[in-house]
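In this note's numbering, the protein residues as written are 4 to 145. Note that CB positions come from ideal geometry on N, CA and C, so glycine has one too. Heads up: the structure comes next, in structure tokens.
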């Protein structure tokens with residue numbers, strides 16, 4: 004759901020929690036090189052909001068194969084063992100939109116449990132494309 008800050012606070016059970024989309028990126032790689040697609044999308048999303056991978060506290064990926072996360076870890080320097088802290092979203096199936104939405108919600112929940120922070124959601128799509136979003140969760144009551 005995308006809405007105004009005021010309406011989100013009005014509807015929220017925890018209005019002190021703010022969730023913001025800071026940046027978004029898409030990328031395409033050479034056909035049949037799908038595992039590499041999330042990396043350039045990630046760098047575009049980070050560039051869009053003026054951040055680096057060092058600013059990221061949690062990563063949730065929507066990738067059908069472990070090699071995708073290995074490629075992302077190699078390209079970004081983010082430790083693969085710190086990705087998908089609550090399990091891979093692929094367990095819920097592989098339809099892009101519902102699985103991606105669930106993964107983004109899990110990323111937000113992880114950041115809430117941490118007391119806030121910046122997270123990255125990324126994944127492959129349609130064979131040789133990738134997408135990424137950078138999300139910030141903050142608690143204004145602290």
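Taking a contact to require three or more Cβ pairs closer than 8 Å, the region 41-50 and the region 117-126 qualify as touching. The straight-line gap separating the alpha-carbon atoms of residue 113 and residue 140 is approximately 10 Å. Taking residue 68 as reference, the option from 28, 82, 92 with the minimal CA-CA separation is 92.
The residues 130, 131, in chain order, have a CB closer than 8 Å to that of residue 34 in the same chain once the five nearest residues on each side in sequence are set aside. Nearest Cα to residue 128 within the set 58, 117, 37: 37. In the three-state reduction of the DSSP assignment, residue 137 falls in the strand class, which pools E and B. Where residue 17 is concerned, there is no enclosing alpha helix (DSSP H), because DSSP gives it neither an H nor an E. Rounded to whole angstroms, the separation of the alpha carbons of residue 135 and residue 66 is 12 Å. Burial is judged here by how many other beta carbons sit within 10 angstroms of a residue's own beta carbon; residue 85 has fewer than 16 and is exposed.
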